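Engineer: My questions will all concern the structure given below.
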Amino acid sequence: MSQLQAPGAVVMIRPHHFCSNPETRDDNAFQTLARETADVTSAQALAEFDAAVAALRGAGVNVHVFDDISTETPDSVFPNNWFSTHAGGHVAVYPMYAANRRKERRWDVIELLKRDYRVQDVIDYSGLEQDGLALEGTGAMVLDHIGRIAYTVKSNRADPVLLERFCTHFNFEPMVFEARDAQGRDVYHTNVLMGIGTDYALICLDMITDPTRRAEVAARLEETGRRVIDLTPEQIAGFAGNALELTGHSRLLALSSRAAEVLRADQIAIIERSATLLPLTIPTVETAGGSVRCMLAAIHLSPRERTQS
């Protein structure tokens, strides 16, 4: 079974100081304020996180867990924004838009990747924050690892010059488009709008504002062998696009319970031709404006062979 689009391992960050990030609230329409006190909210997020890790491991996914040690990183539970990994041994480290999100970068995570996987190079773009540039990893880009396409919504989280630089270096074709939600607000991260599996793609085509570009995106997905599952804006609001295909004991689609509930039976039937749904219950974590896909930093690297002592 090919794991090119559906990796068998992820990094997750256990959030000890979880809360809704005030620095990202202005342009993340998915953020909602939890009514509970900060301590209660944080404890709930921890419990949801630990249950999600147990479910993923139970399904056969290799999960590397790091404990967040900073009180200044409310979004640390979403590590997919600050680094990505790529077949052939390549790692990218990204510049972040919000100042407090820049503190999420951890070199102990990169060191683990070097120790346990074959890492050839680490390309660090984070210094470009000094120039006001941001490219927030696999939040800003939804990567088709098979067709080598980087689907990217125009936003302040995805600088076009930096996107071109990434795509040239990592051999992706950039496919950029504008997208807005049902209320006319700009979509801040591409991965709330779409997710790409091996044989299917979840996407809300209606949210792509330009009709010509909308048709081009759908055509490219189909050309690369994907069955397009066209989501509604209401399903996107339920985080149905924020899902990640993984390989455990079999191929699976990790998504939130809320996302699974808003999918229609016919849409689920298409997914289940090639992947099993793995719903994870994370309602507290979702108040921070991200869902399951944001929690998973996928590892597209080859494991090192372990010698027996």
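In this text, residue positions in the sequence shown follow the numbering used here: the first is 16, and each later residue adds one.
Glycine residues also receive a C-beta, built at the ideal position from the N, C-alpha and C atoms.
Quick caveat, the model's predicted, so the values are computed rather than measured.
What three-state label does DSSP hand HIS226 in the structure shown?
Structural biologist: Per the sequence presented here, residue 226 reads as Pro, with His not at that position. Three-state DSSP puts PRO226 in a helix.
Engineer: Whole angstroms is fine: what's the gap from GLY152's alpha carbon to PRO226's?
Structural biologist: So the two alpha carbons sit approximately 26 Å from each other.
Engineer: If you run the structure through DSSP and keep just helix, strand and coil, what is SER272?
Structural biologist: DSSP places SER272 in helix when its eight states are reduced to three.
Engineer: With 16 other CB atoms within 10 Å as the buried threshold, where does PRO318 fall?
Structural biologist: Counting Cβ neighbours within 10 Å, PRO318 comes out exposed, since fewer than 16 surround it.
Engineer: Roughly how many angstroms separate the alpha carbons of ASP174 and PHE192, rounded to a whole number?
Structural biologist: Each residue's Cα considered, the two are about 13 Å apart.
Engineer: Based on the DSSP secondary-structure assignment, which residues constitute the bridge partners of SER99?
Structural biologist: According to DSSP, which records beta bridges pairwise, SER99 is partnered with ALA107.
Engineer: Applying the criterion that 16 or more other CB atoms from any shown protein chain within 10 Å of the CB defines a buried residue, is ARG273 buried or exposed?
Structural biologist: So ARG273 ends up on the buried side.
Engineer: Apart from the five residues on each side of it in sequence, which residues of its chain come closer than 6 Å, Cβ to Cβ, to HIS160?
Structural biologist: Only LEU19 and GLN20 meet the Cβ criterion.
Engineer: Indicate whether VAL307 and SER271 have their beta-carbon atoms separated by less than 7 Å.
Structural biologist: Taking 7 Å as the Cβ cut-off, VAL307 and SER271 qualify as a contacting pair.
Engineer: Decide yes or no for the touch test of the stretch 212-221 against the stretch 127-143: beta carbon pairs closer than 8 Å, at least 3 of them.
Structural biologist: No, because fewer than three Cβ pairs between the stretch 212-221 and the stretch 127-143 fall closer than 8 Å, the two stretches do not touch.
Engineer: If you count every other CB in all the chains shown that lies within 10 Å of the CB of GLU51, and 16 or more means buried, which is it?
Structural biologist: Any reading at GLU51 is ruled out, since the residue's pLDDT is 49, under 50, leaving its predicted position unreliable.
Engineer: In terms of residue numbering, what span does the alpha helix (DSSP H) encompassing HIS184 cover?
Structural biologist: Its alpha helix (DSSP H) spans residues 175-185.
Engineer: Between the stretch 139-149 and the stretch 296-307, do at least 3 Cβ pairs fall closer than 8 Å?
Structural biologist: Contact fails: fewer than three Cβ-Cβ distances are below 8 Å.
Engineer: Per DSSP, what are the beta-bridge partners of ALA312 in this structure?
Structural biologist: DSSP lists VAL26 as partners of ALA312.
Engineer: Leaving out five residues before and five after SER289 in sequence, what residues of the same chain have Cβ atoms less than 8 Å from its Cβ?
Structural biologist: Only GLY212, THR213, ASP214, TYR215 and ARG266 meet the Cβ criterion.
Engineer: Shorter than 6 Å, the distance from the beta carbon of VAL176 to the closest heavy atom of the ligand NAD, or not?
Structural biologist: The ligand NAD is not part of this structure, which contains no ligands at all.
Engineer: Is the number of C-beta pairs between the stretch 98-107 and the stretch 115-130 that are closer than 8 Å three or more?
Structural biologist: Result yes; three or more Cβ-Cβ pairs closer than 8 Å.
Engineer: Would you give the residue range spanned by the alpha helix (DSSP H) that ILE286 belongs to?
Structural biologist: 280-286 is the span of the alpha helix (DSSP H), which, as asked, contains ILE286.
Engineer: Just to confirm, are ASN10 and ASN206 a CB contact at a threshold of 7 Å?
Structural biologist: Residue 10 lies beyond the residue range present for the chain, which begins at 16 and ends at 324; the question has no answer from this structure.
Engineer: Please report the distance separating the alpha-carbon of ILE164 from that of TYR203.
Structural biologist: Roughly 19 Å separates the two Cα atoms.
Engineer: Whose C-alpha, out of ASP201, GLN250, ALA194 and ASP90, is nearest the C-alpha of ALA113?
Structural biologist: The residue with the shortest Cα to Cα distance from ALA113 is ASP90.
Engineer: My guess is that PHE93 and CYS309 are in contact by the Cβ rule of under 8 Å, so how many angstroms apart are they, rounded?
Structural biologist: PHE93 to CYS309, Cβ: 4 Å. Contact.
Engineer: Can you name the start and end residues of the alpha helix (DSSP H) that GLY154 belongs to?
Structural biologist: It spans 152-155 - the alpha helix (DSSP H) in which GLY154 sits, taken as one unbroken run.
Engineer: Could you give the distance in angstroms between the alpha-carbon of THR39 and the alpha-carbon of VAL176?
Structural biologist: Confidence is the limiting factor: at THR39 the pLDDT is only 49, short of 50, which leaves the residue's position unreliable, though a coordinate-based value still follows. Each residue's alpha carbon lies about 22 Å from the other.
Engineer: Could you pull the DSSP bridge partners for PRO6 from this structure?
Structural biologist: The chain is shown only over 16 to 324; residue 6 falls outside these bounds and no answer can be derived.
Engineer: By how many angstroms is the C-alpha of LEU220 removed from the C-alpha of ASP245?
Structural biologist: Approximately 6 Å between the Cα atoms of the pair.
Engineer: Would you kindly work out how many angstroms separate the C-alpha atoms of ASP82 and THR262, rounded to a whole number?
Structural biologist: Rounded to the nearest angstrom, the two C-alpha atoms are 24 Å apart.
Engineer: Should GLY73 be labelled buried (16 or more other beta-carbon atoms within 10 Å of its own) or exposed?
Structural biologist: GLY73 is exposed by the Cβ-count criterion.
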